[in-house]
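**Q** Residue numbering for the sequence shown follows the numbering used here, starting at 152 and increasing by one per position. We treat Cβ as the ideally placed atom computed from N, Cα and C, and that holds for glycine.
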Amino acid sequence: MLKKICLCVALFMSLVYAAAALDTGTREAAPVPASLADIDAEGLKLAALIGQRLSALAGSAPQPPRIRIDEFPDNGSRSILGRLWAQNLMGGLANLANRGFTLTLDPAPSSCDFILSGEIIEAGPTIRIITRLVKTKEHELAAIWNTDFQKTPFMRELLGPAAEMVPSESRRAA
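Structural data, given as structure tokens:
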């Protein structure tokens, strides 16, 4: 019983913390050590917060809102970390139970109600991933989250350029 109470308190505090992060635009926390498992875990935590925010924004809408996940560039360039972060969020959101939204891969802005995107910023010993949820029709910021990681050699590797996708016809011809 005590474990359940502690879990409920921790969940409540994370929701309060997320609401405070939305109001101030920051999430003040010590950077997470950087390993693939840490990046995956932080992505899943954020996906849960995004899912809660989307469900709250959807309210009693006649249709569930559609969300598209865009890029997370580092200094304007595609990076391995940016692609990994987008994939983690997509997987986390797709696997949420009782989600009140749908994910779309359609690149047309008119095909979605929200776009989830952001950027990667390097600041001293920290790598910050800024994640923004934007209402597409109003071009209005619906929420913002910051996730910090320690800048380690592993993270520097992930900041390298991401390989471009090669269309399947080009691969067959090669």
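Hey, is the stretch 223-237 in contact with the stretch 268-277, meaning 3+ C-beta pairs nearer than 8 Å?
**A** yes
**Q** Around the Cβ of residue 216, are there at least 16 other Cβ atoms within 10 angstroms (buried) or fewer (exposed)?
**A** Here residue 216 refers to the residue found at position 65 when the sequence shown is read from its first residue. It is buried - the Cβ of residue 216 has at least 16 other Cβ atoms within 10 Å.
**Q** Leaving out the 5 sequence neighbours to the left and right, which residues in its chain are closer than 8 Å to residue 306 when beta-carbon positions are compared?
**A** Looking up residue 306 in the sequence shown gives position 155. The answer, listed in chain order, is 185, 232, 278 and 300.
**Q** When the Cα atoms are used, what is the spatial distance from residue 287 to residue 263?
**A** To locate residue 287, count along the sequence shown from 1; it is residue 136. To locate residue 263, count along the sequence shown from 1; it is residue 112. So the alpha carbons of these two residues sit roughly 7 Å apart.
**Q** Apart from the five residues just before and just after residue 176, which ones in its own chain have a Cβ nearer than 7 Å to its Cβ?
**A** Residue numbering aside, residue 176 sits at position 25 when the sequence shown is read from its first letter. Confidence at residue 176 is low in this model, with a pLDDT of 44, below 50, so its placement is unreliable and the value that follows should be read with caution. Closer than 7 Å at the Cβ level, and outside the excluded window around residue 176, lie 295.
**Q** Report the partner residues of residue 297 according to the DSSP bridge assignment.
**A** Here residue 297 refers to the residue found at position 146 when the sequence shown is read from its first residue. Paired residues: 281.
**Q** Give the secondary structure of residue 273 by DSSP, where H, G and I count as helix, E and B as strand, and everything else as coil.
**A** Reading the sequence shown from its first residue, position 122 is the one you call residue 273. In this structure, residue 273 counts as strand in the three-state DSSP scheme.
**Q** Note down, in chain order, each residue of its chain lying with its Cβ closer than 8 Å to the Cβ of residue 293, except the 5 sequence neighbours on either side.
**A** Counted from its first residue, the sequence shown places residue 293 at position 142. Same-chain partners within the cutoff: 204, 208, 265, 284, 285 and 286.
**Q** Compute the Euclidean distance between the alpha carbons of residue 243 and residue 302, then round it to the nearest angstrom.
**A** Position 92 of the sequence shown holds residue 243. Position 151 of the sequence shown holds residue 302. Roughly 24 Å between the two C-alpha positions.
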